[in-house]
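What follows is a set of notes on a single structure, which appears directly below.
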Amino acid sequence: MSNIDDQIAEISRQIQSLSESTIQYGQGLISSTHKDQSERPKVVENKYRDFHHKQELTKNQSTAHTVCSGSDYVKIKPSKYDGNTPWIDYLAHFEMCTLVNMWSEDQKGVYLAVSLIGQAQAVLGDLPKEKRQIFSDLVNALEERFAPSSQTELYRVQFKECRQKASETLPGLGLSVRRLSNLAYPTAPLELRVTLAKEQFIDALVDSEMRLRIKQSRPKGLNDAIRLAVELEAYNMAENKTLKSMGHLRQTTSDERTEAHNSLVTAVSMEQMTTWMQTIQNNLLAITKEIKEIKDLKSQREFKQRRKIDNTQSKGKRCGPCFSCGEIGHFARNCPNNNQKQSTRETDNTEHIQTVQSRH
Numbered sequence: 001m002s003n004i005d006d007q008i009a010e011i012s013r014q015i016q017s018l019s020e021s022t023i024q025y026g027q028g029l030i031s032s033t034h035k036d037q038s039e040r041p042k043v044v045e046n047k048y049r050d051f052h053h054k055q056e057l058t059k060n061q062s063t064a065h066t067v068c069s070g071s072d073y074v075k076i077k078p079s080k081y082d083g084n085t086p087w088i089d090y091l092a093h094f095e096m097c098t099l100v101n102m103w104s105e106d107q108k109g110v111y112l113a114v115s116l117i118g119q120a121q122a123v124l125g126d127l128p129k130e131k132r133q134i135f136s137d138l139v140n141a142l143e144e145r146f147a148p149s150s151q152t153e154l155y156r157v158q159f160k161e162c163r164q165k166a167s168e169t170l171p172g173l174g175l176s177v178r179r180l181s182n183l184a185y186p187t188a189p190l191e192l193r194v195t196l197a198k199e200q201f202i203d204a205l206v207d208s209e210m211r212l213r214i215k216q217s218r219p220k221g222l223n224d225a226i227r228l229a230v231e232l233e234a235y236n237m238a239e240n241k242t243l244k245s246m247g248h249l250r251q252t253t254s255d256e257r258t259e260a261h262n263s264l265v266t267a268v269s270m271e272q273m274t275t276w277m278q279t280i281q282n283n284l285l286a287i288t289k290e291i292k293e294i295k296d297l298k299s300q301r302e303f304k305q306r307r308k309i310d311n312t313q314s315k316g317k318r319c320g321p322c323f324s325c326g327e328i329g330h331f332a333r334n335c336p337n338n339n340q341k342q343s344t345r346e347t348d349n350t351e352h353i354q355t356v357q358s359r360h
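Numbering (UniProt numbering), first residue to last: 1 to 360.
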């Protein structure tokens with residue numbers, strides 16, 4: 001501020017000096033003779049031209065100083081922030097604008113405050129009036145609202161579960177992994193974040209063969225891993241196109257061979273079919289013969305069994321039935337049950353006699 005005041009004072013002295021010299025020339029012009037009047041105006045005109053030239057230089061110097069100091073001139077206007085984009089990204093953008101415009105801390109706070117819209121503007125309204133234009137307090141409030149420390153755990157989970165999507169390109173996957181690594185580990189050293197991003201990028205690849213080849217190449221960082229993945233993808237695409245064109249030629253040749261083979265197979269198949277039909281017919285005849293033999297054998301067995309039963313029944317008719325017990329095979333006179341009945345009667349008579357005697 002002291003340098004600016006000194007420059008302003010010096011410019012004021014120069015202006016005053018030029019004004020005094022102009023007044024002196026005017027007085028001399030009035031008091032001079034008619035002869036001198038023909039030469040005086042030229043001198044006054046030159047002095048007047050020099051005076052205006054110095055004023056223009058002084059004005060340009062003052063404007064240049066204002067631009068360099070950035071006090072009243074904005075070269076790059078920061079974009080508006082509504083809270084929907086990540087706060088870290090917007091803060092980086094705003095800090096670059098402050099460097100270009102050479103803003104002081106007070107100016108940074110004011111410009112940040114007027115750049116807030118939407119839900120971010122509500123954060124400004126919640127702050128006390130004395131803190132709304134303080135840059136550090138405003139940044140802390142916005143960080144607490146849109147980038148709290150608790151979100152790092154969420155970013156770490158997303159970072160570990162990051163996988164390549166079906167329509168996602170390899171550079172796009174690398175950008176997502178890099179961003180999540182910075183959000184998940186904001187306080188970690190840069191080398192550690194690069195290493196973690198490289199390992200996660202390799203693990204997120206869908207192609208297992210590509211993962212193996214990249215690991216064998218031992219990339220130094222994420223950029224090397226992305227470059228190797230893009231190269232391998234290009235090689236694979238070219239190889240697939242070559243194999244596809246070769247496969248078309250092979251398919252044409254294979255079709256011709258297949259037609260010739262099919263004709264030969266058809267002839268052989270007809271001959272084999274005839275042989276198979278003859279074999280099946282012979283087998284059917286043999287099976288029919290065996291079934292007939294089995295039926296004949298069964299009929300013979302049934303006939304023998306029926307004959308045996310008939311013989312038994314005819315024998316029973318000649319020897320019975322017994323009129324005493326009713327069984328077949330003997331007559332009443334030869335019935336074995338008669339002896340048992342007679343012994344039973346004798347036993348009963350003996351017991352009756354003994355009972356009568358005991359009473360008398």
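In this text, a Cβ means the ideal position worked out from N, Cα and C, and glycines have one as well.
For clarity, every value in this text was computed on a predicted model and none was experimentally measured.
Would you say aspartate 207 and asparagine 182 are within 9 angstroms of each other, going by their C-beta atoms?
no
Could you tell me if threonine 98 is buried or exposed, where buried requires 16 or more neighbouring beta carbons within 10 angstroms of its beta carbon?
buried
Which whole runs of the alpha helix (DSSP H) in the stretch 112–174 are 4 residues long or more, in chain order?
119–126, 135–146, 151–160
Please state whether the Cβ-Cβ distance between arginine 227 and proline 219 is less than 9 angstroms.
yes
Rounded C-alpha distance that separates serine 149 from threonine 242:
52 angstroms
Please state the DSSP three-state secondary structure of residue 442.
The question about residue 442 has no answer, for the chain in this structure spans 1 to 360.
Say whether the stretch 119–126 touches the stretch 152–159, bearing in mind that this needs 3 or more beta-carbon pairs closer than 8 angstroms, one atom from each stretch.
no
Please state the DSSP three-state secondary structure of threonine 33.
Because threonine 33 carries a pLDDT of 45, less than 50, the predicted location of this residue cannot be relied on, and the following value inherits that uncertainty. Three-state result, threonine 33: coil.
How about phenylalanine 146 and glycine 109: are their beta carbons less than 9 angstroms apart?
no
Considering valine 100, what are the terminal residues of the alpha helix (DSSP H) in which it resides?
87–101
Out of curiosity, what's the CA-to-CA distance linking isoleucine 214 and glycine 174?
14 angstroms
Check for me: the alpha helix (DSSP H) holding lysine 220 runs from which residue to which?
No alpha helix (DSSP H) contains lysine 220, which DSSP labels as neither H nor E.
By the DSSP assignment, the alpha helix (DSSP H) with arginine 193 in it spans what residues?
190–204
Whether arginine 177 touches glutamine 200 by CB criterion (9 angstroms)
Checking the sequence shown, residue 177 turns out to be valine, not arginine. Contact: yes.
Considering only residues of the same chain and omitting the five flanking positions on each side of proline 78, which have a CB-CB separation below 6 angstroms?
Phe94, Cys97, Ser115
Alpha-carbon spacing of valine 230 relative to aspartate 82, whole angstroms
36 angstroms
Ordered along the chain, which non-local residues of its own chain (more than five positions away) have a Cβ less than 8 angstroms from that of leucine 127?
Asp137, Leu138, Ala141
Going by C-alpha to C-alpha distance, which of Gln278, Leu285, Leu180, Ala197 sits closest to leucine 154?
Leu180
In three-state DSSP terms, what is serine 38?
The predicted model places serine 38 with a pLDDT of 47, which falls under 50 and marks its position as unreliable, so this point remains unresolved.
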